[in-house]
Structure formats: structure tokens, C-alpha cells
Amino acid sequence: DFSGVAPRLDVDAMVQSIHNHINGCFEIFLSRYRHLFSEPVELHPTDAMRSFQSILAAIRQTPYKLYLLIDEYDNFANEVLMGGQIRSQQRYEALVFGEGEFKTVFKNVKSALGGLGLDRVFIVGVSPVVMHDVTSGFNIAENVYLRDDFGSLCGFTDAEVGAMARQIIADCQFPPENASEVVELLRIFYNGSCFRVKCQEAIYNPTALFYFLKHLQRTCEYPRRLLDSNLAPDFQKIAYIAGLPGGAQLMMRALDDADPLAVDELQERFGLRQMLAETKTTSFMASLLYYLGVLTLGGLTEHGEIRLRIPNLV
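Heads up, the sequence shown stops at 319 in the working numbering, and the numbers go up one at a time, no gaps.
Quick look at the structure:
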């Protein structure tokens, strides 16, 4: 989980933080599975990729293969990039371009997939910016986040929300018709996220939904604050995008219902240099706002463009 890597002003200190964090994950792994190994594993304090090779060598002596899960892969790199410090871009480039340390991590993961004991990798993050910038080190990934069959995976449908609301209303001994009132309130404030281009049904944000329903279940009253603090916008990232060429104008368009924001295609792969150089279209920045959850898919325009909109009132 790369959100555990703290962004630091000094590149060398950040590099060591990456190695420390990965080695810490290896220590947890070994505490669970060391009994399956027939030979010792050596962890190298300053070189987590050497530790990785030692683990893979030990795994190859067993009948097992390794399944690697990477969460928040872009978290600390995004924090560096959008950190507001004058050296942020230089530090980011030092990590992901050329022989940058973060790029080296993914080059080692790719190498391990070539029959060295690593069987599958599943990577979760927010934006594709970092993955694009390390692409030559890890150019074998298949993006699945726009697949139609996964469109409702990370949220709740109207039917599911209605069932939960009716159960809580019954437990609170309210009249059954109150369930419709609850569902309508939830729809206005929490519904609207869509992850299919041809969106047939929007889904509810699960964090926001459970914030409301847990309060209702516990107190039989609506929460006074309908915005869960866990979902408050990351103003630092929004401010970063607003500061890019044309970013502020794009923000205003997103708020203008009379002139909906639309792009030819949602960008699946774009890097830092492309994003900073982009001045003629809104495609890059609008796509980034989509990945950050500020915008969501809103169907197609009459000209076949993809409409992007703010998901809900919250």
C-alpha cells in the first residue's frame, strides 16, 4: 500500500522511504509464510528490490507462486507532484523518469512476471498519470476500470439502497412510506456516479451511503451534516489542476449546466509532460478530474462526445 510512503523534500530520503516501506511489507509477508520456505530469505535494508529477488528465489523452491496486490500505487507520487512545493515536479521526475526509483520497482515487478515466481499482479490507484510515466518499465498492464461489466462493482444500485432503507425504517418503527423519502434524499445527495460510457444506471457512493445509513440506524434521525468528512474534496489536488493552463476555465465549465463539459474520449493514458503541455483541449484535465472523483460520466452528447458532470449535490 503505497499510501504509507511519506513524500519528502529530499529525493534520497524519499527513495529510502520507498525501500523501507516495501521491506516492511516483506517482513509481514515472511511472518505469515516463512514456514513454507525451504531456504532462508535475506532482506536488504537499503535495497528492497534485492529483498524481492531473495523472496522470489525462495518461492521458486516451493510448489507455490506469488500473487502481488498493489494498492494506492500512485498516492505518494501524486502527493509529490501536487504538493505545492517549488521542487515538486523535479522530485516527481526523479522518481518516475529515466532510472527513477519508482520506475525501477515496476521494472522489477515486470521482470518477476517472466517466470521468476510472480504469477499475477493486481494494481489499484487513482489516476493513470504515474502508470503512463513508468510505462516503459511496466508496459504489460491491462486497464479494466472502463469495462462495462465492472461498472457497478464499486457502488450500490437503487434497488440495493431501497432494500437497506426499508429495513432501517422498519427497525425504527417509522411508517413504511418514509422509506421513499429516505431513498429520494439519498439519491439527491449521494447517487450519480457512473463508470460506463453508456450509463444506464448511476450508482451510490458506498462511503457516503453508509455514513448516512449508519447514523439513521443508530439514532433513527438524519445526520445534521450530509457531507461525510472522509469524502471532503482534496482541495490540494483541485487547486493543482486549476493552476494548470486552462484549468480554472475548465472548473467553471464543470459547474455550468447550460454548457455541459464534454470530451471526445476519456484519456486512459497520459503523463505529466503531456498534461503540462496541453493547452488546446480540456481532455487531459477533464479526464484527471474524472479519475479523482470530482467528475463522473454523464452519457453521450448528440455528436457522440462523452459528457462529464458533477456526480451529486454533495
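Beta carbons are placed, not taken as given, at the ideal position from N, Cα and C, and that holds for glycine.
Query raised in the report: Can you give the Cα-Cα distance for residue 291 and residue 41, rounded to whole angstroms?
Result: 48 Å
Query raised in the report: Using 8 Å as the threshold, is the region 63 to 79 in touch with the region 125 to 132, meaning 3 or more CB pairs across them?
Result: yes
Query - Buried or exposed by the 16-neighbour rule on C-beta atoms within 10 Å, applied to residue 308 - result: exposed
Query raised in the report: Tell me which same chain residues have a C-beta within less than 7 Å of the C-beta of residue 252, skipping the five on either side of it?
Result: 246, 290
Query raised in the report: How would you call residue 19, buried or exposed, if buried means at least 16 neighbouring beta carbons within 10 angstroms?
Result: Label assigned to residue 19: buried.
**Report entry** residue 199 classed as buried or exposed, judged by whether at least 16 other C-beta atoms fall within 10 angstroms
**Finding:** buried
Query - CA-to-CA distance, residue 159 to residue 240, given in whole angstroms - result: 23 Å
**Report entry** Cα-Cα separation between residue 76 and residue 10, rounded to whole angstroms
**Finding:** 12 Å
Query raised in the report: For residue 65 versus residue 122, is the C-beta distance shorter than 7 Å?
Result: Residue 65 places its beta carbon less than 7 Å from that of residue 122.
**Report entry** Candidates 161, 28, 225, of which the one nearest residue 176 by Cα
**Finding:** 225
**Report entry** CA nearest to the CA of residue 260, picked from 313, 133, 94, 144
**Finding:** Here the closest residue by C-alpha is 313.
Query raised in the report: When the distance is taken between beta carbons, is residue 311 closer than 7 Å to residue 271?
Result: yes
Report task. Could you please give the first and the last residue of the uninterrupted beta strand (DSSP E) stretch that includes residue 67? Result -> Segment: none, residue 67 is in no beta strand (DSSP E) and carries neither H nor E.
Query raised in the report: Quick one: is residue 15 buried, meaning 16 or more other Cβ sit within 10 Å of its Cβ, or exposed?
Result: exposed
Query raised in the report: Cβ of residue 106 within 7 Å of Cβ of residue 27?
Result: No. Outside cutoff.
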